[in-house]
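Chemist: Each residue of the sequence shown is one higher than the last, beginning at 351 in the working numbering.
The C-beta atom is built at its ideal place from N, Cα and C for all residues, glycine as well.
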Amino acid sequence: MIRSRAGLHAHEGDRLPVKIYAGLPAAPGVGIGRIHVYQPLPVLLEEETQRGDTSPEEEWQRYLEARAKVDRELQRLSEHASPLIADIFLVHREILFDATLSEIVRTYIDAGASAAAAIHQATTELIKTFQSLNDAYFASRSADIRDVGQRLLVHLGATPVAKQLTQLPPETLLVADDLTPFDTTHLDPAKIAGIALAHSAPTAHTAILARSLGLPMVCGLGNDVLEEKDGTLAIVDGGQGQLLVDPPPEMVANYRNAQERLHRSRAAAEEHAREPAVTRDGRTVPVLANVNHADEALQAVEAGADGVGLLRTEYLFQERIAPPTVQTQFEAYLAIAAQMPGRPLTIRLLDVGGDKPIPYVAQPVEANPFLGLRGIRFLLHHPELLRDQLTALVQLAQERIASELRILVPMVSLVRELREFLQIFQQIPGARECREAGLLRVGAMIEVPSAAMMAERMARLVDYLSLGTNDLAQYTLAADRSNSAVAGLVSALDPTVLRLIAMTCQAGYVTDTPVAICGEIASDPAATPLLLGLGIQELSAIPPAIPLIKQAVRHCDLTQCRQIAEQALRSAQIEDVLRLLALEDAGKG
Ligand code: PEP
Ligand code: MG
């Protein structure tokens, strides 16, 4: 990964100057398209911003009517919500009737704005003020103000934001401050050429989703990129982490050639993607898929996945206003299992917290959410959510569709948490029997340094371990995976993280417990020999990378892989590891 510093460079092409924004590579590939700067508030159409021949009093009345409608909407929503979610709607109703908000709206209307334009201005101003306070509590309130503003605007005829994202023209190059994982799931890969973000980081969930969707992405480009004009031709270079604005025709032609070459090498790997991946010395390495959404399961099968090594279930919990019932969950998991019968299916328990909140569970405002109630810690605080999910999974295991159903426990940091989890698991009707019959296996994610250090103890309690190197790198290197200022530090190839991976593999070896890896590094073919050399037995990668990873496994010889691993473990810094892998890659020639 190239570690350029974020910023803007001017580069004189033969005829036209090209503006180069340097950031961080977040998803590979080249995207060429026309810029669309995404506004998290609805874009107002001309007729919504113009007052026409109405008077300020009439516009004020329109505002009051929209406010009453939103109030009724929020009341209706809270009647059907759990007490925790009802609390959120209560906050939204308080914002709706907030005196400061109404005063600003009134001022703009009196100055000649339409009701919609006044709301747009007022909420944008308040959001800016809240964000400038640089306080986690006020920053999270600004999302609530945005939400209320959106509801008001939709009642005045504006297009909802999510709809904006689904209605973009083909070859759009999406530029935004940041995208939430929820925004990203609304993108249509057939229409989006690439994504360029002012902030965010390569290990944030948005980047993970972009990679799964096969969308080139760069991040950490800085605020200036948001000033670019809609419709300007630009190139996202996902390998170099650059956005090139207004490139000269020769540059566009060069990038189109690079796109072609990438397509050709992919096509060669895809020819053998459905065959097993066997090393030169005869070891079969299962290559499974990381799946974030039900739709991706089919993509994974087509890409040649030997099963699912990580199904992130957050999507099922996030896109709704109340938790999914056992039946809803069972049906959703069944639909995925049915896409690949007879193969292993690994379903990770809900992993919320950090950059993955869910709307209907009031989570305390945490100054450091990544160090707070995340993963299993959160589930042990909400055992009703845990029990429902486990019940759905046990029911699925009883259907015997997957060759083996595996449950993965996220963010374990203490042996005690695993014990508490197992106690709850064993109380679920049928759980113990399914596990004893080999229909259901329980695994722990190793993604916190403390878990890697206690991997041997953990391995004795569970049936397998899976390394989540995205979080393992963030926690080992004390660098927030979603903060563009330090994102360049977060790499699973850092020798510190490699040592923890080796420690986990050793724990697996002495306890005879299989060790898999599902962090993003498993999707990088250049890292495959190193990972196998460290003792990883199974890889789980994003669907588009599966053909390339299988191809990389076929080039491996385990004795050589172990030598590479030993050398990497002796490295003092990541640059040495990168050099070692680059040499190996060149050696294959
Ligand atoms: C990881 O941390 O490596 C992982 C696979 O989990 P997530 O990226 O969903 O946090
Ligand atoms: Mg993780």
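Which whole-angstrom value describes the C-beta separation of residue 525 and residue 386, a residue pair presumed to lie in contact below a C-beta threshold of 8 angstroms?
Modeler: With 8 angstroms as the limit, residue 525 and residue 386 qualify as a contact, their Cβ atoms being about 7 angstroms apart.
Chemist: Name, in chain order, the residues that DSSP records as bridge partners for residue 386.
Modeler: Paired residue(s): 524.
Chemist: If we ignore side chains and look at the alpha-carbon of each, how far apart do residue 934 and residue 751 end up?
Modeler: Going from the Cα of residue 934 to the Cα of residue 751 covers about 41 angstroms.
Chemist: Among 885, 551, 529, 446, whose alpha-carbon lies nearest the alpha-carbon of residue 850?
Modeler: Considering only alpha carbons, the answer is 885.
Chemist: If I follow the unbroken alpha helix (DSSP H) through residue 855, where does it start and stop?
Modeler: Taken as a continuous stretch (DSSP letters only), the alpha helix (DSSP H) holding residue 855 covers 845 to 861.
Chemist: Is it buried or exposed, residue 860, if we count other Cβ atoms within 10 angstroms and call 16 or more buried?
Modeler: Classification of residue 860: exposed, given that the 10 Å Cβ count is below 16.
Chemist: Got a sec? Which residues, its chain only, sit under 8 angstroms from residue 776 by beta carbon, not counting five neighbours each side?
Modeler: Excluding sequence neighbours, residue 776 sits near 782.
Chemist: Alpha carbon to alpha carbon, how far is residue 418 from residue 872? Give it in angstroms, no decimals.
Modeler: If you take the alpha carbons of residue 872 and residue 418, they lie about 52 angstroms apart.
Chemist: Would you say the stretch 552 to 564 touches the stretch 366 to 383, given that touching needs at least three Cβ pairs under 8 angstroms?
Modeler: Taking 8 angstroms as the limit for Cβ pairs, the verdict is that the stretch 366 to 383 does touch the stretch 552 to 564.
Chemist: Nearest by alpha-carbon distance to residue 754: which of 843, 694, 793 is it?
Modeler: The candidate whose alpha carbon is nearest that of residue 754 is 694.
Chemist: DSSP three-state label for residue 921, please.
Modeler: Reduced to three states, the DSSP call for residue 921 is coil.
Chemist: Roughly how many angstroms separate the alpha carbons of residue 543 and residue 778, rounded to a whole number?
Modeler: Cα to Cα, residue 543 sits roughly 46 angstroms from residue 778.
Chemist: Taking 8 angstroms as the cut-off, decide whether the C-beta atoms of residue 527 and residue 565 are in contact.
Modeler: It is not a contact, given that the beta carbons lie outside the stated cut-off.
Chemist: Whole angstroms are fine: how far does the CA of residue 733 sit from the CA of residue 740?
Modeler: Spanning the two alpha carbons is a distance of roughly 10 angstroms.
Chemist: By the DSSP assignment, the beta strand (DSSP E) with residue 883 in it spans what residues?
Modeler: No beta strand (DSSP E) holds residue 883; the alpha helix (DSSP H) holding it covers 878 to 884.
Chemist: How far does the alpha helix (DSSP H) with residue 647 in it reach, from first residue to last?
Modeler: Its alpha helix (DSSP H) spans residues 644 to 652.
Chemist: Along the chain, which unbroken stretches of the beta strand (DSSP E) at least 3 residues long are found entirely within the stretch 597 to 646?
Modeler: Within the stretch 597 to 646, the complete beta strand (DSSP E) runs of at least 3 residues are 637 to 641.
Chemist: DSSP state of residue 662, grouped into three classes?
Modeler: Strand.
Chemist: On the three-state DSSP scale, how would you describe residue 486?
Modeler: Below a pLDDT of 50, predicted positions are generally treated as unreliable, and residue 486, at 49, falls in that range; the measurement from the model is reported next regardless. Three-state DSSP puts residue 486 in a helix.
Chemist: Please determine, among 842, 857, 881, the residue with the shortest C-alpha to C-alpha distance to residue 924.
Modeler: For the residues 842, 857, 881, the minimum Cα distance to residue 924 belongs to 842.
Chemist: With DSSP collapsed to three states, give me the class of residue 419.
Modeler: Note: residue 419 maps to helix in three-state DSSP.
Chemist: Can you tell me where the alpha helix (DSSP H) holding residue 698 begins and where it ends?
Modeler: No alpha helix (DSSP H) contains residue 698, which is instead part of the beta strand (DSSP E) from 695 to 698.
Chemist: Once DSSP output is grouped into helix, strand and coil, what is the label at residue 539?
Modeler: Correct three-state label for residue 539: coil.
Chemist: Any heavy atom of the ligand MG closer than 7 angstroms to the CB of residue 821?
Modeler: Yes, Cβ of residue 821 sits closer than 7 angstroms to a heavy atom of the ligand MG.
Chemist: Got a sec, what are the start and stop residues for the alpha helix (DSSP H) residue 901 sits in?
Modeler: Element bounds for residue 901: 896 to 904.
Chemist: Within the same chain, show all residues whose beta-carbon is closer than 6 angstroms to that of residue 635, passing over the 5 residues directly before and after it, in chain order.
Modeler: The answer, listed in chain order, is 627, 903.
Chemist: For residue 537, which of 662, 520, 592 has the nearest alpha-carbon?
Modeler: Of the candidates 662, 520, 592, the one whose C-alpha sits nearest the C-alpha of residue 537 is 520.
Chemist: Which ranges does the alpha helix (DSSP H) cover as unbroken runs of at least 4 residues, wholly within the stretch 784 to 827, from first to last along the chain?
Modeler: List check, alpha helix (DSSP H) in window: 799 to 803, 805 to 809, 819 to 826.
Chemist: Report the three-state DSSP secondary structure of residue 716 (helix, strand or coil).
Modeler: Residue state, collapsed to three classes: coil.
Chemist: Going by other Cβ atoms of all chains shown within 10 Å of its Cβ, with 16 needed for buried, is residue 533 buried or exposed?
Modeler: The residue in question, residue 533, is buried, as its Cβ has 16 or more Cβ neighbours within 10 Å.
Chemist: Would you verify that the beta carbon of residue 691 is, or is not, closer than 8 angstroms to some beta carbon of chain D?
Modeler: No chain D appears in the structure shown, which is made up of a single protein chain.
Chemist: Given 7 angstroms as the limit, tell me if residue 703 has its C-beta closer than that to any heavy atom belonging to the ligand PEP.
Modeler: It does not: the Cβ of residue 703 is nowhere closer than 7 angstroms to a heavy atom of the ligand PEP.
Chemist: Apart from the five residues just before and just after residue 914, which ones in its own chain have a Cβ nearer than 7 angstroms to its Cβ?
Modeler: Contacts found: 879, 880, 883, 930, 934.
Chemist: Per DSSP, what kind of secondary structure is residue 579 in: helix, strand or coil?
Modeler: If DSSP states are grouped into helix, strand and coil, residue 579 belongs with coil.
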